[in-house]
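Chemist: Numbering (the working numbering), first residue to last: 233 to 971.
#1: Nearest-angstrom Cα distance between residue 965 and residue 257?
#2: Specify whether the segment 813-828 and the segment 545-562 touch according to this definition: at least 3 beta carbon pairs, one from each stretch, less than 8 Å apart.
#3: Since residue 365 contacts residue 330 with CB under 8 Å, what's their CB separation in whole angstroms?
#4: Nearest by alpha-carbon distance to residue 284: which of 356, 382, 907 is it?
#5: Do residue 804 and residue 350 count as a contact pair if the criterion is CB distance below 8 Å?
#6: Relative to the alpha-carbon of residue 905, which residue among 871, 829, 914, 921 has its alpha-carbon at the smallest distance?
#7: Evaluate residue 589 with the Cβ neighbour count: other Cβ atoms within 10 Å of its Cβ, from every protein chain shown; 16 or more gives buried, anything less gives exposed.
#8: Could you check whether the Cβ of residue 747 sits closer than 7 Å to any heavy atom belonging to the ligand GDP?
#9: Count Cβ pairs between the segment 571-584 and the segment 847-856 that sit closer than 8 Å; are there 3 or more?
#10: Indicate the three-state DSSP secondary structure (helix, strand or coil) for residue 247 in the structure shown.
#11: Report the partner residues of residue 366 according to the DSSP bridge assignment.
#12: Closer than 6 Å by C-beta to residue 676: which residues in its own chain qualify, once you throw out the five before and the five after it? Chain order, please.
#13: Can you give me the C-alpha to C-alpha distance between residue 958 and residue 504, rounded to a whole angstrom?
#14: Whole angstroms is fine: what's the gap from residue 446's alpha carbon to residue 858's?
#15: Here's the rule I'm using: 16 or more other beta-carbon atoms within 10 Å means buried, otherwise exposed. How should residue 702 be labelled?
#16: Alpha carbon to alpha carbon, how far is residue 699 from residue 787? Give it in angstroms, no decimals.
#17: Does the segment 398-410 come close enough to the segment 686-698 to have 3 or more Cβ pairs within less than 8 Å?
#18: Determine, using beta-carbon pairs with one atom in the segment 748-755 and one in the segment 706-718, whether at least three such pairs fall under 8 Å.
#19: Taking a contact to mean a Cβ-Cβ separation below 8 Å, would you say residue 356 touches residue 370 in this structure?
#20: Return the CA-CA distance between residue 416 and residue 765, expressed in angstroms with no decimal places.
#21: Mind checking which residues open and close the alpha helix (DSSP H) that includes residue 340?
#22: Please classify residue 1029: does DSSP put it in a helix, a strand, or coil?
#23: How long is the line joining the alpha carbons of residue 495 and residue 519, rounded to whole angstroms?
#24: Among 723, 935, 300, 651, which one has its Cα closest to the Cα of residue 389?
#25: Compute the distance between the beta-carbons of residue 353 and residue 372, then report whether it is under 8 Å.
#26: Shortest alpha-carbon distance to residue 318 belongs to which of 674, 395, 386?
#27: Whose C-beta lies closer than 6 Å to the C-beta of residue 633 among residues of the same chain, with five residues either side of it excluded?
#28: Hey, would you say residue 440 sits closer than 8 Å to residue 323, going by beta carbons?
#29: Is it the case that the segment 499-516 contacts the segment 918-933, given that we only count it when at least three CB pairs across the two stretches are under 8 Å?
#30: In angstroms with no decimal places, state the Cα-to-Cα distance between residue 572 and residue 271.
#31: Taking three-plus beta-carbon pairs below 8 Å as touching, is the segment 674-691 in contact with the segment 715-728?
#32: Express the C-alpha separation of residue 719 and residue 749 in angstroms, rounding to a whole number.
#33: Going by DSSP, what residue range makes up the beta strand (DSSP E) through residue 355?
#34: What is the DSSP secondary structure of residue 620, counted as helix, strand or coil?
#35: On a Cα-Cα basis, can you pick out the residue from 570, 714, 545, 367 that is closest to residue 558?
#36: Are the CB atoms of residue 810 and residue 784 nearer to each other than 8 Å?
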């Protein structure tokens with residue numbers, strides 16, 4: 233390597249020796265550095281698991297043990313042990329005729345065959361529908377957590393079903409329920425994630441082509457973040473196998489965060505390299521000097537993001553606390569790539585990165601648009617400050633109108649998938665047994681088999697409350713109602729419904745629909761007879777609606793009152809709406825807990841970087857005000873204009889991450905350049921020169937980051953994810969051009 237022309241004292245006096253040494257190493261051993269990253273990519277992707285296989289899709293899985301939803305889940309253990317989960321297999325005729333005796337034999341044989349599939353612990357025939365045209369076989373399997381993917385098991389069930397005589401004879405058989413839907417949705421979300429990655433990369437390439445007007449510059453800028461996206465997923469997935477919970481949202485955010493932040497770091501360095509070449513240095517010397525200057529900015533930018541992410545560990549809602557570590561890992565890897573891989577790539581391509589343009593040496597400082605704007609701003613700082621405070625304060629004034637909205641966290645499989653067809657069959661033949669039912673549970677001190685009056689009383693009280701409709705329970709399990717006396721008589725004749733065979737014995741002189749109705753009560757009464765459950769629809773709205781979520785406190789009060797009237801020992805309501813309510817409540821509490829801590833930590837990092845106590849306070853306040861203004865703008869867009877009843881609950885948290893943390897990236901770049909320019913000249917001149925040289929970088933970086941979130945808004949899948957994308961994009965644009 234050609235000996236550097238940079239004077240050592242020049243680097244020493246600025247205190248950038250550490251980053252200069254990294255740059256010299258990356259430039260000198262550039263081919264080895266690139267080879268190291270390529271080998272690491274191949275080894276990691278080949279040997280570690282895929283991130284999609286370990287993500288969790290149901291937000292209620294992240295609730296703390298003390299939450300009402302988690303306590304309701306504990307009550308549900310009486311129907312399904314907590315270490316098991318159920319995969320409903322729905323079997324139906326395709327000719328609108330009741331299931332015949334021969335078809336019933338095939339269904340029984342199918343159940344016996346499914347019991348032999350690996351990992352199956354129990355198979356229970358839940359009985360026929362009211363029209364006698366469909367039947368549910370409940371297959372119990374150990375819970376699949378992040379350590380094990382359910383794909384192989386679900387595929388084994390489907391293979392067994394496909395080869396069964398029931399299917400060959402014309403019966404329609406599909407899987408239903410959350411586990412099957414999770415597998416199908418996971419495959420679909422993997423496609424969504426690939427769409428986000430592809431869309432983001434295409435957008436960034438187009439934008440970088442416009443910025444640099446050089447075909448190689450976007451490639452060099454994007455290669456490090458693309459490497460990190462490919463590497464970080466398997467590394468985080470391996471951590472998930474050892475206990476780390478990872479949501480499907482984290483998977484999407486890793487892509488957007490790494491590509492956005494990584495492109496920012498690339499712009500920081502490449503613009504400075506071009507500036508140093510224009511100052512007369514060779515491209516290798518320019519890389520060394522550029523990284524010695526902006527390496528500190530990149531490192532502290534990444535440090536503020538990591539600090540903000542790790543502050544999420546203080547959150548009670550595990551979706552947030554577990555979101556921090558995966559994203560922090562990805563940013564740490566991006567920092568490493570930005571300091572090593574990117575300089576090595578720049579050294580390999582040299583001046584060709586900027587082809588066909590040729591950076592020309594300037595004899596004097598050329599003031600562009602940002603320099604001229606800044607020159608006017610520093611002449612009237614008080615006026616500009618007042619205008620800014622009025623603008624941001626006006627937007628922030630809408631924050632008190634914020635209300636939490638739900639989030640489509642319940643697994644929704646693709647419409648043409650096996651599980652979607654199974655859910656449709658369940659909804660058709662078993663009204664009230666939707667893929668996302670609301671359950672009301674009661675527990676008694678004594679079994680209710682011979683005293684079913686509590687069941688009919690509970691059903692009556694639920695209906696009379698006017699808050700529930702379409703109540704299905706032990707006395708109306710499949711749409712056919714039976715009285716208390718009939719239930720008692722059937723129990724004396726047949727015993728526990730759990731012990732009844734799927735095919736009615738010929739010796740029993742009972743109508744088939746009565747036999748099937750009684751056998752179906754096992755879905756609503758626990759095996760010990762002490763717990764009962766009802767499937768209900770909510771009068772407030774569908775389980776995914778904000779109205780149903782906001783009605784949860786009143787619904788719980790009603791269930792508690794009925795529990796006391798029944799003299800039951802426990803009562804609870806369990807469903808998507810109640811889970812959303814607990815999630816949004818925790819989310820708001822966590823926001824008040826985490827944001828101040830993160831602001832303090834970021835302020836301390838800035839104080840250490842800038843060697844000042846006043847400037848970090850100003851910078852943090854400016855970004856916090858920007859955050860509040862962005863949240864107020866979201867209220868205006870999504871509630872006042874779009875007419876939504878609330879803003880998706882996770883958006884304020886993500887705004888906190890990306891505006892409070894990434895928003896400081898641009899402040900750090902500008903402030904470190906001001907510190908560099910302030911040696912030997914007045915502060916106002918240093919500020920003008922600093923913004924003149926960094927304005928294009930900040931603008932470009934902000935447009936790239938906002939653009940990546942806009943892509944998430946376009947191809948992010950659900951409406952909630954799209955709202956997140958557009959909300960973050962708007963906040964980042966304000967932060968870029970105004971703060």
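For glycine and all other residues, C-beta sits at the position ideal for the given N, C-alpha and C. Values in this document were obtained by computation on a predicted structure and should not be read as measured data.
Modeler: Put simply:
#1: 36 Å
#2: With a cut-off of 8 Å on Cβ pairs, the segment 813-828 is in contact with the segment 545-562, counting three or more such pairs.
#3: The pair is a contact, with the Cβ atoms about 6 Å apart (cut-off 8 Å).
#4: For residue 284, the closest alpha carbon among the candidates 356, 382, 907 is that of 382.
#5: no
#6: The shortest C-alpha separation from residue 905 is found at 921.
#7: exposed
#8: Ligands displayed in this structure: none; no statement on the ligand GDP is therefore possible.
#9: The segment 571-584 is not in contact with the segment 847-856.
#10: Per-residue confidence for residue 247 stands at a pLDDT of 47, beneath the threshold of 50, marking its modelled position as unreliable; no derived number is given.
#11: 324
#12: Closer than 6 Å at Cβ, skipping near neighbours: 762, 800.
#13: 30 Å
#14: 34 Å
#15: exposed
#16: Whole-angstrom Cα-Cα distance: 7 Å.
#17: no
#18: yes
#19: yes
#20: 28 Å
#21: 333-346
#22: Outside the displayed span of the chain (233 to 971) sits residue 1029, for which this structure offers no information.
#23: 17 Å
#24: 651
#25: yes
#26: Looking at the Cα atoms, 386 is the closest of the given residues.
#27: For residue 633, where only same-chain residues beyond five positions count, the Cβ hits under 6 Å are 867.
#28: Against a cut-off of 8 Å, the Cβ pair of residue 323 and residue 440 comes out as no contact.
#29: yes
#30: 15 Å
#31: yes
#32: 10 Å
#33: 354-360
#34: Residue 620 falls in the helix class under three-state DSSP.
#35: Answer by Cα proximity: 545.
#36: The answer is yes: Cβ separation under 8 Å.
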